[in-house]
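In what follows, a structure is listed as structure tokens, so that the remarks can point back to it.
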Amino acid sequence: MGTDQEAVSCHVEGSDGKHVRKSHHSQEMKSNLVSRLNRVEGQIRGIKGLIEKDTYCDDVLTQIAAAQSALNSVGKLLLEGHMKSCIVERIQAGEHEVVDELLVTMRKLMK
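Quick look at the structure:
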């Protein structure tokens, strides 16, 4: 993964007094994530088809495991970029509470 793919910028927007957290990924990173998610989406459609065709349960479960693994890979890639940019930026800005936010997010991913 090149540095261009890892480039993420994080900031808070909102001129109306509401805070909206945003991440801005490079076009390469967005394309990579969307491509991976499209593959996962196709896997899920395939799993639905297997169930509709009464495919043997073990075969369906194998495909479910593959889809879960692919989705986990998307999460890991996104988390890596988040930690290398958004988290670092916020810690450098003195926002140390971001560590607790990160821990909550990691717990959700590890369920």
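Going letter by letter, the sequence shown gives residues 1 to 111 in full-length UniProt numbering. Ideal Cβ placement from N, Cα and C applies to all residues, glycine included. Since this is a predicted model, take the numbers as computed values, not measurements.
Cβ neighbour criterion (16 or more within 10 Å) applied to residue i
i     : result
Glu97 : exposed
Ile47 : buried
Arg90 : buried
His25 : buried
DSSP bridge partner residues for residue i (one or two, in chain order)
i     : result
Cys10 : Ser23
Proximity of residue i and residue j at Cβ, strictly below 9 Å
i      : j      : result
Val40  : Leu71  : yes
Gln43  : Gln63  : yes
Gly94  : Met29  : no
Asp59  : Leu50  : yes
Val74  : Leu33  : yes
Leu61  : Leu109 : no
Leu102 : Met83  : yes
**Asked** What are the start and end residues of each continuous alpha helix (DSSP H) run of 4 or more residues lying completely inside the segment 47 to 83, in chain order?
**Response** 57 to 82
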